[in-house]
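Residue numbers (full-length UniProt numbering): 1 to 214.
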């Protein structure tokens with residue numbers, strides 16, 4: 001049995017599809033495609049699938065993936081990609097299908113591009129002047145304080161039309177996973193930048209040695 005990794009973009013209106021709904025979408029799309037995807041056994045068979053490092057609601061991504069299994073000996077991955085894209089909802093585009101190489105536990109970092117209206121440039125510069133940026137991270141074991149400066153020392157901003165953007169790379173391991181909304185929430189609290197005005201796009205998933213997860 002082969003584990004197949006389906007890579008896809010999640011853009012525009014698709015960013016508001018929750019993980020639970022995304023699971024339903026993929027179940028339906030895979031069933032409609034007629035691809036030789038393995039189903040679980042028992043009274044309620046369903047397609048076995050695992051999403052890698054799922055996004056928060058409202059965030060876009062260039063590098064989402066879902067793993068499924070197949071018993072096909074020589075799967076035609078180009079046909080998989082074409083067949084899935086033919087029936088995907090708006091905002092979701094499969095750009096690669098391949099055998100899974102790394103396990104999800106190999107992910108150590110997630111990289112994002114965050115943009116704001118151009119008027120936010122002054123406040124973003126204010127972040128760079130701070131000696132520390134303490135934010136509260138909520139988790140299953142309670143709330144703990146995190147210094148964002150440890151992971152994002154400065155915001156290297158670039159003007160793009162009527163917006164200003166910067167790139168960040170945050171821990172995304174099982175031991176520590178920082179959502180970019182922690183940073184946008186801090187910027188709202190400290191500088192009055194509405195988090196709702198931040199456009200968050202995930203651009204890459206990296207392993208501990210900073211090489212791409214695949």
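We treat Cβ as the ideally placed atom computed from N, Cα and C, and that holds for glycine. As the structure is a prediction and not an experimental result, all values here were calculated from the model.
Residue range of the beta strand (DSSP E) that includes residue i
i	result
residue 202	199-207
residue 75	Neither: residue 75 is in no beta strand (DSSP E) and is coded neither H nor E.
residue 137	134-139
For residue i, the residue or residues it bridges with in DSSP
i	result
residue 49	68
residue 210	Residue 210 is not bridged to any residue.
residue 87	Bridge partners of residue 87: none, in fact.
residue 98	5
residue 117	163
residue 196	Note: residue 196 sits in no beta bridge, so no partner.
residue 145	136
residue 79	BP columns for residue 79 are empty, so no partner.
Three-state class that DSSP yields for residue i in the structure shown
i	result
residue 151	coil
residue 161	coil
residue 173	coil
residue 105	helix
residue 59	coil
First and last residue of the uninterrupted alpha helix (DSSP H) at residue i
i	result
residue 186	180-191
residue 122	121-129
Cutoff 6 Å; reference residue i; Cβ partners in own chain excluding five residues on either side
i	result
residue 86	none
residue 207	106, 108, 213
residue 173	108
residue 178	170, 171
Residues near residue i by beta carbon distance below 8 Å, same chain, minus five either side
i	result
residue 143	136, 137
residue 90	12, 13, 14
residue 38	1, 47, 48, 68, 69, 70, 71
residue 117	162, 163, 164, 197
residue 145	134, 135, 136, 137
residue 21	none
residue 154	127, 128
residue 188	194, 195
Residue i Cβ short of 8 Å to the ligand NAP heavy atom set
i	result
residue 32	In terms of ligand content, the structure shown is empty, and the ligand NAP therefore cannot be addressed.
Close-in-space but distant-in-sequence residues of the same chain around residue i (CB under 7 Å, 5 per side omitted)
i	result
residue 54	19
residue 133	127, 147, 148, 149, 186
residue 121	157, 164
residue 113	165, 167, 201, 203
Write down every uninterrupted run of the beta strand (DSSP E) in the stretch 1-32 whose length is 3 residues or greater and which is fully enclosed by it, in chain order. 2-10
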